[in-house]
Structures are given as structure tokens and as C-alpha cells.
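If you read the sequence shown in full-length UniProt numbering, its first letter stands for residue 1, the second for the next number, and so on.
All residues carry an ideal CB built from backbone N, CA and C; glycine is no exception.
Below: the structure, in C-alpha cells.
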Amino acid sequence: MRILVVGAGATGGYFGAQLQQAGRDVTFLVRPKRADVLHERGLRITGLGAETVLTPRLLTAAEIDGHYDVVLVSVKATALPAALDDVVAAVGPRTTVVPFLNGVAHMDTLNDRFTSDAVLGGVVRVLTTLDAEGDIVRLGTLAEIVIGEQQGGTSQRVEQIAEALAGAGFEFSVSSDIRRAMWHKWVFISTLGALNTLVRGSVGNAAAVPGGEELGRQIATEAAAVAAAAGYPVPKQALDNVRAFVTRPGSVDTASLYRDLIARQPTEAEQIFGDLTARARALGVSTPLLDATTVALRVHEQSLTRG
């Protein structure tokens, strides 16, 4: 099975490297600037006391060599429009597109571009980042992929793709309700990202001051209320786990969105928070803390355009 990974950043680069090491037929579609870095340094993964350097098979949009069986889209939501323009020549009538983006708005974009029959739902959980040299740095052991049919259930193509992705050095599973899995991840990342943004610090920074733990719990309650109103209630134990994660004393955990924020880079503000708060308003759910986070991030985004 020919697999094309769109993007070789902290997420796509990590999972693509794992698949390559497991002997899968993997090619990375990258922009010329990223291709230069990877040609020079290799696909390098560091952290947790180990270092791996691979020589990846790379393509730019102008070099696409035909249709692929599976296209894994692992770019940030802000880069999605350009990525879809780049990848279009690799998508044929039998290609399955599997996106691993935050939120859910990207599903409409992909369905419009490739039809809903060609697109699965996907969720990734991984603790990685890119350093200044373009290397992937592991921040923790978590690494998981979940895929599933948009309409639920399972299918022969999902089972075939599962065979290609499973057993490659990360946790893998198929969900019979991938939309629910995507919403539940959205609750988690919005809770963590909002907490980091509002306190301008890590989970541990928030937990160390009076009111910090309660702030984390309140944000989680807001996000979960939106999910429930949308038809995807978070089970009590799962929500308790989110609350525990964002109130853990001494934790250095931060969301990737927050790391982009403090680095003065564009963030997925609209895809994670703008969309979530808009849905909350449409559903009649009050989300004052998520609203405040959205405004703060919009101010950040506007400041980037002003230099």
C-alpha cells in the first residue's frame, strides 16, 4: 500500500518515520524549504534519551508521481488550503484521505474537495515538537492514531488501512464513532490550550496559584458542555481525566497552540477556539472562559499582521 504523508513536521514526520522504520511504503509531500532541511539533516527524531535519523523519500508538489492508496494529511489547519492544492495530483478515484487535524471544521473542507466517500476521520495524540533546526523532539511517550469511517461502523477499506498502519511502533485503533473521538479530543486540546493561554504558563504554573486548579476545571466544564450539546457527551471518567490533567501540580505540559503563541507564530485560534465558541453560541451554551481565550488569540493573530 502506497502511503503519502502530507507534511513532515512534528506530527506527520514522527508517524511517517515510524511507518518507514516498520517497512511501510511511505513518501512525504513537503514544501521546498522543508525538503532542503530534510535533505541536509535527514528526518531526525530526538528526545527521551534516543536519537533516530532516517533518509526519507521526499516529493514536492511538482514532483508527485501518480496516485497513492492512502494520503495522511498532518499539517496545521492554517496550512490546509495550500496543502490540498499541493496534494491534489496524488489523489485518484481509489485514494483514501485521512486527516489528522485539530477540531472538526476541516472535515467539511476535505469532503467538499474530495467527496465524503473518499475521506475518513482521524485522531492523533502525540507529544512532539520541532526545534529550531527542524528536528522532531519527543516530549513524552504518548503516540497514538485512531481512524474510522465518518458515518460510523467499519468497512473493508478501514480494515485494509489498519493493516498498513498497525504494528508500526505507536498505538493504533479503529473507532466505530470517529466523530465522537474527534470531539472528545477537541474538548481536551481546547481545555489545555485555553488554560495555557489565560495564565500564560504551563499546567503546573496554573496549579501553583490560588484559583488555578479551579480555572482548569471550569474550562473543561465549558468545553464538555459544548460537546454534549452537539451530541457528543464526554463520559464522566474521561472528563475527570481531562480535569486531572489540567490541574496536576508541577506539570510542565503545554498545548502546541500555546507554544506557537509564545513563539509569536500563527496559531490554530479559529479552528480550535473560534469554531468551538461559534458552535457554543449556536447551541445556546455559555462559554465565557473559552470566549476570552478566543479574543486573546485573535489579538495575537492581529499583532502578527502588523509586524
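How long is the line joining the alpha carbons of residue i and residue j, rounded to whole angstroms?
i, j, result
"ALA220", "LEU239", "7 Å"
"PRO233", "LEU195", "21 Å"
"GLU63", "VAL71", "16 Å"
"ILE189", "LEU165", "24 Å"
"HIS184", "THR109", "20 Å"
"HIS156", "ASP25", "The sequence shown places Gln at residue 156, not His. In a straight line, the C-alpha of GLN156 is about 20 Å away from that of ASP25."
"ALA228", "LEU19", "35 Å"
"ALA225", "LEU58", "43 Å"
"VAL5", "GLY13", "8 Å"
"VAL299", "ARG306", "11 Å"
"ILE136", "ALA263", "17 Å"
"LEU257", "GLU149", "27 Å"
"ASP291", "PRO210", "22 Å"
Against chain D, does residue i count as a neighbour if the rule is that its beta carbon must be under 8 Å from one of theirs?
i, result
"GLY134", "Chain labels in this structure do not include chain D; a single protein chain is all it has."
In this structure, how does DSSP classify residue i when only helix, strand and coil are distinguished?
i, result
"ILE178", "helix"
"GLU214", "helix"
"ALA166", "coil"
"VAL187", "helix"
"SER155", "coil"
I'd like to confirm the pairing. Which residues does DSSP put opposite residue i in its beta bridges?
i, result
"THR129", "VAL137"
"ALA143", "VAL126"
"GLU171", "GLU144"
State the CB to CB distance for the pair residue i and residue j, rounded to an integer number of angstroms; the pair is presumed to be in contact (CB under 8 Å).
i, j, result
"LEU29", "VAL87", "6 Å"
"GLU52", "ALA17", "Correcting the residue identity first, residue 52 is Thr in this sequence and not Glu. About 7 Å separates the two Cβ atoms, so the contact holds."
"ALA22", "GLY167", "7 Å"
"residue 377", "ASP275", "With the chain covering 1 to 307 only, the question about residue 377 has no answer from this structure."
"SER173", "VAL146", "5 Å"
"ARG138", "LEU130", "Actually they are not in contact, since the Cβ atoms of ARG138 and LEU130 sit about 11 Å apart, beyond 8 Å."
"VAL75", "GLY7", "4 Å"
"ASP112", "THR95", "So it is not a contact: roughly 16 Å between Cβ atoms."
"ALA35", "THR60", "6 Å"
"GLU133", "ARG41", "7 Å"
Q: List in chain order: all unbroken beta strand (DSSP E) runs of 3+ residues lying wholly within the UniProt domain "Ketopantoate reductase N-terminal" (3 to 150).
A: 25 to 29, 43 to 47, 50 to 54, 70 to 73, 96 to 99, 121 to 130 and 136 to 148
Q | Ordered list of alpha helix (DSSP H) runs contained in the UniProt domain "Ketopantoate reductase C-terminal" (177 to 300), each at least 4 residues | A | 178 to 199, 203 to 207, 212 to 229, 236 to 245, 256 to 262 and 275 to 283
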